[in-house]
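Engineer:
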Amino acid sequence: MQRTRVNDAIKSQSFGEKFLLKGWVRTRRGNKNVSFIALNDGSAIDNIQIVVDNEKFGEDFLKPITTGAAIAVEGILVKSQGKGQTVEIQADKIDIYGTADPDTYPLQKKGHTLEFLREIAHLRPRTNTFGAIFRIRHNMAIAIHTFFHQKGFYYFHTPIITSSDCEGAGQMFQVTTLDLNNLEKNNGTIDYSNDFFGASTALTVSGQLEGELGAMALGGIYTFGPTFRAENSNTPRHLAEFWMIEPEVAFIEIDENMTLAQEFIQFCVCWALENCTADLNFLAQMYDNELIDRLKFVTENDFVRLSYSKGVEILENAVENGKKFEYPVVWGTDLQSEHERYLVEEHFKKPVILTDYPKEIKSFYMKQNDDGKTVRAMDVLFPKIGEIIGGSQREEDFEKLKLRAEEMHIPQKDIWWYMDTRRFGTAPHSGFGLGFERLLLFVTGMTNIRDVIPFPRTPKNAIF
Ligand code: 4AD
Ligand code: MG
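With our numbering, you'll find the sequence shown wraps up at 489, consecutive numbering, no jumps.
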C-alpha cells in the first residue's frame, strides 16, 4: 500500500477509504476504551488524529506508543466527531518502527524555551515551531529561485574556497592542509607554496567578485550559497556561517538596483503569505500577533530612499530633541543597529534604503560619487532587523578602481582577474547581497538568528 502524507490525508475527502500513514507520535491520550494518537510526519503543522480501539490492540502493544515514537498506521479515513480536526483515521493496523523512552526523550508535551531547544538542535525540527520555520525556509529558497528565474537571471555558482577577501574586513576562516603542529616558515612567515592550493586560501565572505564576472557575460546572475565570516559578534543577528543571495546585473545603476531589491523582498514576502499560511499563522499565534500585518505592510508600501547624510541629519535632530542612543551619531562612521532601527521603526515607520555612504566605511569596489567623499552604496534597513541587504553600484572605471584598491592596500596581483572586467568591455553594473537568515527573521518573526537555520555556527559553537 502507498503511504499518504499527513498533509494530504487531512485535506482528503475520501471518507471510508483505507490510508497508510507514517510519522512520529506527538501525543497519545485517551481513556480505558479508546486512545487518540496525534501523528505528525513533517508535511504540515497539523497532526492527524488516529483513533485506536484499546481492546483490539491490547494495552501491552500500545504502551510503547509514546511521544516521539515512529509508527506506521493503516486505517479508514472518517469525518471526525471531535473538536479540533475535521478528519481522523480509525486504526486497523499499527507497526512500531522505533520507540522513544519517555524518561530520556527530551521533547515532552510541555512547551520548551527556544534557548533549551537550541541545545537540542538535533531534535528541535520535530517541534511545531521548528517544523514551521524550516518549511518556511524551504519555501523562501524556492521563492528566490522563482523570482530570479522569472526575471531571466541565471543561478551562477561562485567558489566557496577563495583567495580573495571581497569585503576587505579580514574576517576569513583559513583553509589549509598544512600541518599546524609543524609549520614551515621562511624568515618568520609561513610558506604557502607547499599548501594544497599553493597559496593562502579561506572560506568565502561573499560571492560578489566572481558574481561580477558572471554578470559581465550573462547580463544578470545571482548566487545563493553559504558564506562564512569569522567576526566575533555574538549578536542575535550574526552567524559565522550564513546563506547569502547576491544578484549582480550589467547595465543597471543604483536606482534600478534599489527597485530590484524592493521587488525581490516583496516577492518573497508575498510568496510566504500565499504558500506558508498555516505555518505563519501558527508562529503569529505563538510568538508575535503583529507578524502578518507587518508582512503585509512591507508588500504594500514603497521603501523610503534616503542618503546616508540625510539619515545622519535626522538622527542628530532626534538626539537634540532628547532621543538617547548608546552610541554617538557621527557623520563618517557606520550606523549602529539602534540608529538604523530608529530611522525605520520610529521616524519613517517603513523600510528604508540608505544610499551614498562615506567611502571610508565601504568596500573598494563601490562606485565613487563626484563629491570625492561618498560612494554609491545602498543598505536596505528593516523593522526589527536593521540591515537586511547591503549593495552598491560598482566602480566601472579602471583607473578609479585601481587607485581605490591601492589606497585600501589591496594588491593588484590578487585581483588582476577582477580588474580585467574593467579592462575589457567594462560597463555600469550593480548588485547587492541579501542575508537569507535575516530575511527569515523578518518573515518568521523570530528574534534570534540561531532559530532560523537548522544548525547554527556561532563563536565557540559548532555542535551538530
Ligand atoms: O553588507 P554585506 O557585507 O555585503 C556584501 O557582502 C556584498 N558583497 C554584497 C553585494 O553587494 N553583493 O552583506 C550582505 C548581507 C547583509 O546585509 C546581511 O543581511 C547579511 O549579508 N550578513 C549576515 N547575515 C548573518 N550573519 C552575518 N554575520 C552577516 N553578515 C552579513
Ligand atoms: Mg553591509
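Beta carbons: idealized from backbone N, C-alpha and C, even for Gly.
Tell me which residues share the same chain as Phe40 and place their Cβ nearer than 7 Å to its Cβ, disregarding the 5 neighbours each side in the sequence.
Structural biologist: Here the set comprises Leu102, Val103 and Lys104.
Engineer: For Leu428 versus Met444, is the C-beta distance shorter than 8 Å?
Structural biologist: No. Outside cutoff.
Engineer: Under the three-state reduction of DSSP, which class applies to Gly236: helix, strand or coil?
Structural biologist: In the structure shown, Gly236 sits in a helix (DSSP, three-state: H, G or I).
Engineer: Using a Cβ-Cβ cutoff of less than 7 Å, which residues in the same chain neighbour Ile121 once the five nearest sequence positions on both sides are dropped?
Structural biologist: Result list for Ile121: Pro89, Ile90, Ala94 and Ile96, in chain order.
Engineer: Report all residues from its chain with a CB closer than 7 Å to the CB of Gly156; omit the five preceding and five following residues, and keep chain order.
Structural biologist: If we look at Gly156 and ignore the five residues flanking it on each side, its Cβ neighbours are Gly67, Ile70 and Pro150.
Engineer: What runs of the alpha helix (DSSP H), each 4 residues or longer, lie entirely inside the segment 99 to 165?
Structural biologist: 139 to 144, all fully within the segment 99 to 165.
Engineer: DSSP on Met26, reduced to helix/strand/coil?
Structural biologist: The answer is coil: DSSP assigns Met26 none of H, G, I, E or B.
Engineer: Using a Cβ-Cβ cut-off of 7 Å (strictly less than) and excluding sequence neighbours within five positions of Phe389, which residues of its own chain qualify?
Structural biologist: Taken in chain order, the residues that qualify are Gly193, Arg429, Ala430, Met433 and Ile435.
Engineer: Could you work out which residue in Gly357, Ala63 and Lys134 is closest to Val98 when comparing CA atoms only?
Structural biologist: Of the candidates Gly357, Ala63 and Lys134, the one whose C-alpha sits nearest the C-alpha of Val98 is Ala63.
Engineer: Note down the Cα distance separating Phe461 from Pro383, rounded to an integer number of angstroms.
Structural biologist: Phe461 and Pro383: Cα-Cα distance of roughly 26 Å.
Engineer: Taking the alpha helix (DSSP H) that Gly416 falls in, what are its first and last residues?
Structural biologist: No alpha helix (DSSP H) holds Gly416; the beta strand (DSSP E) holding it covers Gly411 to Gln418.
Engineer: Can you tell which of Ile158, Gly100 and Gln106 has its C-alpha closest to the C-alpha of Lys118?
Structural biologist: Among Ile158, Gly100 and Gln106, the Cα nearest to that of Lys118 is on Gly100.
Engineer: Considering Cα atoms alone, identify which of Gly213, Met283 and Ser189 is closest to Phe198.
Structural biologist: Comparing Cα-Cα distances from Phe198 to each of Gly213, Met283 and Ser189, the minimum goes to Ser189.
Engineer: Which residues end up in the neighbourhood of ligand 2 when you take C-beta atoms closer than 7 Å to any of its heavy atoms?
Structural biologist: Every residue passing the under-7 Å Cβ criterion appears here: Asp404, Glu412 and Gly415.
Engineer: Does the segment 122 to 136 come close enough to the segment 453 to 470 that 3 or more CB-CB pairs lie under 8 Å?
Structural biologist: With a cut-off of 8 Å, the segment 122 to 136 and the segment 453 to 470 do not count as touching, because too few Cβ pairs lie within range.
Engineer: Using 8 Å as the threshold, is the C-beta distance between Ser60 and Arg53 below it?
Structural biologist: A contact, by the Cβ cut-off of 8 Å.
Engineer: Taking Cβ to Cβ, would you say Ile279 is nearer than 8 Å to Thr380?
Structural biologist: Result yes, Cβ atoms of Ile279 and Thr380 sit closer than 8 Å.
Engineer: Closer than 7 Å by C-beta to Asn153: which residues in its own chain qualify, once you throw out the five before and the five after it? Chain order, please.
Structural biologist: Closer than 7 Å at Cβ, skipping near neighbours: Ile70 and Phe307.
Engineer: For Thr451, tell me which candidate among Gln233, Lys438 and Ala240 has the shortest Cα-Cα distance.
Structural biologist: For Thr451, the nearest C-alpha among the options comes from Ala240.
Engineer: Tell me whether the segment 361 to 368 and the segment 325 to 345 touch, counting them as touching only if at least three CB pairs, one residue from each stretch, are closer than 8 Å.
Structural biologist: Taking 8 Å as the limit for Cβ pairs, the verdict is that the segment 325 to 345 does touch the segment 361 to 368.
Engineer: Beta-carbon within less than 8 Å of Glu370's beta-carbon, same chain only, minus the 5 sequence neighbours each way: which residues are those?
Structural biologist: Cβ within range, chain order: Pro408 and Lys409.
Engineer: Of all the options Glu424, Leu228, Asn219 and Ile290, which has the alpha carbon lying nearest to the alpha carbon of His170?
Structural biologist: Comparing Cα positions, the closest option is Ile290.
Engineer: Between which two residues does the beta strand (DSSP E) harbouring Val468 extend?
Structural biologist: Not the beta strand (DSSP E): Val468 falls in the alpha helix (DSSP H), residues Phe461 to Thr469.
Engineer: Assuming the contact rule is C-beta atoms closer than 8 Å, Leu87 and Val76 should be a hit. Round their C-beta distance to whole Å, please.
Structural biologist: Contact doesn't hold; Cβ gap of about 12 Å is too wide.
Engineer: Sort out for me which residues DSSP pairs His454 with in a bridge.
Structural biologist: Ala275, per the DSSP bridge assignment.
Engineer: Spell out a yes or no on whether the segment 245 to 262 and the segment 167 to 187 are touching, meaning 3 or more CB-CB pairs, one atom from each, closer than 8 Å.
Structural biologist: As far as the Cβ criterion goes, the segment 245 to 262 touches the segment 167 to 187, which means the pair count is three or higher.
Engineer: Do His454 and Glu421 come within 8 Å of each other at the CB atom, strictly closer than that value?
Structural biologist: Yes, the pair counts as a contact, with Cβ atoms nearer than the cut-off.
Engineer: As a quick exercise: from Met269, Leu331, Ile145 and Ala286, pick the residue whose alpha carbon is nearest that of Thr18.
Structural biologist: It is not possible to answer for residue 18, since the shown part of the chain is limited to 26 through 489.
Engineer: Is Ile478 near ligand 1, with its Cβ less than 7 Å from a heavy atom?
Structural biologist: No; taking the cut-off as 7 Å, the Cβ of Ile478 has no heavy atom of ligand 1 nearer than that.
Engineer: If you scan the segment 274 to 309 from start to end, which runs of the beta strand (DSSP E) of 3 or more residues do you find wholly inside it?
Structural biologist: None, since the segment 274 to 309 contains no complete beta strand (DSSP E) of that length.
Engineer: Hey, out of Thr302, Gln393, Phe276 and Gly416, whose CA is closest to Asp404's CA?
Structural biologist: Ranking the options by Cα distance to Asp404, first place goes to Gly416.
Engineer: Alpha carbon to alpha carbon, what distance is there between Ser37 and Asn72?
Structural biologist: One C-alpha to the other measures close to 14 Å.
Engineer: Is the Cβ-Cβ distance between Ile270 and Val477 less than 8 Å?
Structural biologist: Cβ distance not < 8 Å, so Ile270 and Val477 don't count as in contact.
Engineer: On the CB-based measure, 16 or more other CB atoms within 10 Å of its CB, does Lys392 come out buried or exposed?
Structural biologist: Label assigned to Lys392: buried.
Engineer: On the CB-based measure, 16 or more other CB atoms within 10 Å of its CB, does Asn65 come out buried or exposed?
Structural biologist: With 16 or more other Cβ atoms within 10 Å, it is buried.
Engineer: Classify Asp327 as helix, strand or coil using the three-state DSSP reduction.
Structural biologist: Coil at Asp327, not helix or strand.
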